[in-house]
Structures are given as structure tokens and as C-alpha cells.
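Everything on this sheet refers to the single structure shown next.
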Amino acid sequence: MCAFDRRRFLAGAGYAAAALGTGMAQPLAAQDQASRPDASRGTAPAPVTYPRNPVIGIQIDAISFLDEGTEKVLDILQEKAGVNALFMGTFTYGTGITGRQIAGHPLPDHGVQQYQDFSHGHGGDYATPHLEYYKDTALKPIKAPDYGKVDCLELVLPAAKKRGMKVFAWSEDVFGSTIPNIDKFQERDLYGRNAHTVCFNNPDTHKFWLALQEDLIRSYDIDGIMWGSERYGPFCNMIESVHQRKGNDPSRVTCFCQFCQAKAKSRGIDVPRAFEGFHELEKWVKACRAGDRPTDGHYVTFWRILFRYPELLAWETMWNDSVHETYEAIYKQTKSIRSNALVGWHVWHALSFSPFFRAQTDLTKIADYSDYLKITVYNNLGGTRMETYITSISDTVYGDMPIDEALQFEYRVMNLRERGYAELPYTGLSPDYVYRETKRAVDDVKGKKTEIWPGLDVDIANVDLQFSRSSPPVVNECTKACFQGGGQGLVISRKYSEMKLPNLAAVGDALRELKIIA
Ligand SMILES: [Zn+2]
């Protein structure tokens with residue numbers, strides 16, 4: 035059997051095991067197995083009290099209602115998956131949460147069998163910007179051109195309310211390059227060049243995020259908001275502690291703009307030393323990636339730079355604090371306008387891969403300004419992302435060890451037990467991963483009022499169609515794992531327009547089996 039065939043064979047074995055309800059094909063040590071209460075392994079039933087009437091949310095966008103009809107879509111969501119909350123894609127320039135399926139990915143088994151059409155432009159505010167809220171910021175929203183005059187929230191609010199369904203306005207930190215004067219708000223890299231991302235420490239950007247949320251919560255009878263930023267800071271990006279395909283340009287990391295420099299100074303960071311440290315790290319990364327093994331090894335010389343330039347870590351901390359300060363400001367403002375509005379965050383997948391990002395993302399602290407956290411636990415996509423993560427960082431920090439050993443180290447420090455490097459893209463991560471990540475988040479916020487609503491992967495496609503895909507038995511198990519881990523809600527992700535109905539029905543079946551819905 036050639037290597038390729040063997041991979042496929044192992045992938046097939048994984049699916050078969052999942053279908054039988056074991057979830058994992060890889061043998062585990064007894065202490066590892068004990069972590070997840072799962073009747074299928076012969077252990078005692080979970081000592082978890084399942085929530086009553088939890089939020090069962092789904093990420094969805096106006097196009098699905100326009101393509102298929104509002105009432106029909108709501109019928110499908112309620113009947114198949116027990117959905118009682120809509121997370122409406124409201125502000126973004128990305129393609130993950132709005133629009134039809136993008137070309138190259140499998141079409142869904144419902145709706146218009148066409149890919150997203152970008153000919154009218156894409157992205158912006160899918161509701162209606164009310165400019166009076168943006169008086170204090172030079173960064174102004176633009177109505178998304180995709181669907182003409184359609185306001186995504188007005189489109190669904192009356193029908194959703196009539197059914198007792200909640201509506202959340204879901205916005206993400208993804209900007210387009212066509213916004214007038216966007217260069218003034220963009221981040222600057224290590225060499226002062228503009229990036230396509232906007233800077234949290236630019237006062238106009240900060241005010242923009244607050245204005246957007248104020249506009250949404252005052253202009254619409256929504257039940258809450260969700261906001262998220264899928265970005266790493268300059269340190270993680272530079273050392274390749276990222277789950278993007280390898281090849282970050284370490285000179286392009288952000289942000290080093292005038293506002294970030296001023297904030298660093300006010301925190302007592304020696305700015306020239308920080309720049310020097312990042313330049314040293316850049317040289318180190320380039321040498322590592324060129325295949326040079328430092329005389330003292332990758333790991334030791336990595337730490338040598340950190341000991342010499344602690345300003346690197348101080349800068350990274352500042353960058354992440356700036357994201358969390360945005361959370362906090364949005365939370366306080368929204369609560370002051372409407373105290374019963376639910377305010378929470380999409381906590382992106384980096385939390386499952388990068389130990390550095392996880393260290394910077396302290397859920398116990400973030401809970402103080404979060405009604406709920408959508409913790410991303412995308413199991414299917416997680417396989418390729420984990421494989422990509424370990425591939426990237428094995429060029430740098432973990433360069434001293436074979437990639438499979440690096441992956442085992444990663445699993446140990448992140449408290450995961452998953453497949454080997456060669457199988458990962460074909461199998462995805464397991465329901466046990468979903469359980470562990472949910473439980474960890476639940477334990478992190480214990481004693482706080484914050485609820486954990488895991489973000490469940492339903493048909494988030496891998497670009498390579500040979501790689502793992504969602505299937506009803508695995509979706510069923512992962513749904514259960516969210517609640518067995520103590521989750522108090524669910525956000526079916528990433529968008530309805532990419533989902534297949536049997537997989538959506540598997541969510542509903544699992545909820546009925548757990549007696550969470552009737
Ligand atoms: Zn900046």
C-alpha cells in the first residue's frame with residue numbers, strides 16, 4: 035500500500051469508527067479516556083445537567099432568506115435543528131459569514147445552486163448604516179452592495195419575533211480595501227507599510243466599533259450582538275504560531291503605527307528596544323525557515339531572543355489587550371443602552387492551536403465583560419488547521435524535533451488527544467476535541483455569569499475535497515459533546531448557505547436524544 039493509499043485507508047477507518055459512535059480510532063491511554071463521560075465507551079453517563087431552553091443559534095445571512103424565502107428557511111431551521119436564535123451576518127468584508135457558498139467548495143443541498151456572485155461588490159454593513167452614530171469617527175460604514183437595499187435585520191426580525199426566535203447582529207473585524215481613506219486606519223507593519231487590517235489603537239477605529247454596535251442596538255429590536263476578531267498579534271504571526279498555510283512574511287507583522295507606539299510608551303515599553311527585538315526575531319525566523327539549524331538549536335535560541343528582548347512579549351500583550359479592551363468597551367456601552375441585551379464574542383479557532391494565543395486569551399478575565407462566549411470548536415476543519423499549525427511552527431520554535439513529536443508535544447500542552455500528522459486532514463479532529471475544548475472553557479468561567487455556547491462545525495469545507503467532511507454521525511456526536519462538556523448553548527457554524535440538511539438534522543437528533551429539545 036503506498037503512503038497515499040494508507041492515509042485514505044486510515045481516514046476511512048476513522049469515519050467507520052465515528053459512525054459506530056466511538057468517535058476516535060486512535061487507541062488512548064486509560065487516563066486519557068477517562069476525561070470524557072461517554073456511554074458508548076462503557077463509562078458512567080455524564081454527570082452534567084443539560085440546560086433548559088438553551089440558545090440554539092445558527093450563523094446565517096440575508097442571502098439564504100432571499101434565495102429560499104424567510105418562512106421556509108425558518109421552518110427548516112426550527113424543524114431540523116431546533117434553532118431558536120439567528121446570528122445574522124451584519125458587518126464584514128469577508129466571505130465566511132455572508133453570501134452563498136464560495137467557488138471551489140461543495141454546494142449545499144438547498145437554495146440556489148450557484149456560487150457567490152461578487153459582480154455587485156461584496157461586504158460592508160448588511161443592515162442600514164445610520165450615520166448620526168458615526169459623527170465622532172472619520173471611519174464611516176458603507177452599506178454592503180450585495181443585495182441592493184435589503185436590510186438583513188429588517189428582513190428577518192418580524193418573522194423571527196413572531197416565532198419567539200432571538201436575533202443577534204454578528205459583526206467581524208474584516209475590512210475591505212475599497213473603503214474611502216481606509217489607509218488612515220490601517221495597521222502599519224514593522225517597516226511602516228500599511229496592512230489590510232485596521233488598528234485597534236487608532237482612535238477612529240475604536241470609535242467606529244462602538245458606533246457600529248450603538249447603531250445596531252438602538253436602531254433594531256435585536257436580542258443581542260456578537261463581535262469577533264480573527265487575528266494574531268505580531269509575535270504569534272512572526273514565529274508562525276498560526277494555522278494559516280506556512281509562509282507568513284515576518285516583516286509584515288502588525289501593528290507598529292504611531293498610536294501603538296504611543297500606547298507602548300505609556301505602558302513603559304522601550305519602543306526602540308521593541309523594534310530591535312522584532313528585527314532580531316525576524317532574522318531568526320528567516321534563518322530557521324531557510325533550513326538553518328542554529329548551533330544551540332531552534333528552541334534555545336528562540337528563548338535567548340525573548341530573554342534579551344522582553345519588550346517583544348510586552349508588545350504582544352499590548353496588542354491582545356487592545357482586542358480585549360474593544361470587547362470591554364462594546365460590552366459596557368451596549369449594557370448602558372439596553373441592560374438586557376446579550377453581548378458576547380466569537381472566540382476564534384486560534385485558541386485550539388496556539389499555546390501562545392491561548393495564554394494571551396484568558397477566558398476567566400474576559401468573562402467579566404461577556405454574557406456568552408462562542409468558543410470555536412470546528413472539529414472537521416480543525417484537522418487541516420491543526421496540521422497547518424504544526425507544519426508552520428515546526429519551521430521555527432519546534433524545529434529541533436520531528437513533526438510527529440512536535441504534534442504530540444502540542445497535544446500534551448493543549449490537553450488534546452488526536453490523530454497523527456498524516457491522518458489529520460483526512461479525519462478532522464474528534465468529538466473528544468469538542469468535549470475537551472468546551473469543558474475547558476466552561477471550567478475557565480466557573481463562578482461567573484458567562485455562558486459557553488460552542489461554535490459547532492457543520493459543513494465548513496476543506497478546500498481540498500479529499501479531506502474530511504461533515505457527516506451526520508459525527509455532527510451528532512459533536513453536538514452531544516458540546517453539552518456533555520457543560521456548554522449552555524450552541525452556535526451552528528459557519529453559515530447556513532454552506533450546510534447540508536442531513537447534517538443540520540443530525541444536530542436536532544442529538545438535541546432530542548439528550549432531551550434538550552422535544
Ligand atoms: Zn497600531
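Residue numbers (this note's numbering): 35 to 552. Note that the Cβ used here is the ideal one computed from N, Cα and C, for glycine as well.
Backbone CA spacing between residue i and residue j [nearest angstrom]
i, j, result
"PHE125", "GLY157", "7 Å"
"GLU444", "LYS320", "23 Å"
"ARG327", "GLU274", "16 Å"
"ALA119", "TYR343", "47 Å"
"ILE90", "LEU538", "12 Å"
"HIS277", "PHE517", "27 Å"
"HIS240", "ASP330", "43 Å"
"LYS399", "GLU359", "11 Å"
"ASP434", "CYS289", "29 Å"
"HIS380", "GLY262", "5 Å"
"TYR460", "TYR149", "25 Å"
"GLN394", "ASP304", "21 Å"
"GLY311", "VAL334", "16 Å"
"SER386", "TYR160", "30 Å"
"LYS114", "VAL541", "8 Å"
"VAL357", "ILE364", "11 Å"
"GLU345", "PRO268", "12 Å"
"MET352", "THR422", "27 Å"
Environment of residue i [buried if 16+ CB atoms lie within 10 Å]
i, result
"ALA544", "buried"
"VAL377", "buried"
"TRP337", "exposed"
"ILE500", "First, the amino acid is wrong: residue 500 is Gln here, not Ile. It counts as exposed."
"LYS480", "exposed"
"PHE30", "Given a span of 35 to 552 for the chain in the structure shown, any question on residue 30 remains unanswerable."
"PRO140", "exposed"
"TYR225", "exposed"
"ASP72", "Since pLDDT at ASP72 reaches only 48, below the 50 mark, its modelled position is unreliable, and the value read off the structure follows with that caveat. Result: buried."
"THR132", "buried"
"GLY302", "exposed"
"GLU105", "exposed"
"ARG279", "exposed"
"ARG419", "buried"
"LYS196", "exposed"
"ASN87", "exposed"
"LYS366", "exposed"
Other residues of its chain near residue i: CB distance less than 6 Å, five sequence neighbours each side excluded
i, result
"GLY130", "ARG528"
"GLU264", "TRP382"
"LYS369", "none"
"ASP355", "none"
"TYR168", "LYS174 and ALA245"
Beta-carbon proximity check, residue i vs residue j, cutoff 8 Å
i, j, result
"PRO576", "GLU511", "Given that the chain is displayed from residue 35 to residue 552, the structure contains no residue 576 and the question cannot be resolved."
"ILE371", "ARG453", "no"
"GLU553", "ILE339", "Only positions 35 to 552 of the chain appear in this structure, which leaves residue 553 out of reach."
"SER504", "ASP95", "no"
"GLY519", "TYR469", "yes"
"PHE121", "TRP243", "no"
"VAL604", "HIS332", "This structure cannot speak to residue 604, because the chain is shown only from 35 to 552."
"ILE110", "LEU187", "no"
"GLY182", "TYR127", "no"
Close-in-space but distant-in-sequence residues of the same chain around residue i (CB under 7 Å, 5 per side omitted)
i, result
"ALA475", "LEU397, LEU407, ILE409 and ILE486"
"LEU548", "TYR84, LYS514 and PHE517"
Chain-order list of residues whose beta-carbon lies under 8 Å from that of residue i (same chain, five-residue window excluded)
i, result
"TYR361", "TRP261, TRP379, ILE400, TYR403 and SER404"
Short CB-CB distance (under 8 Å) between residue i and chain B
i, result
"THR335", "Of the chains in the structure shown, none is chain B; there is only one protein chain."
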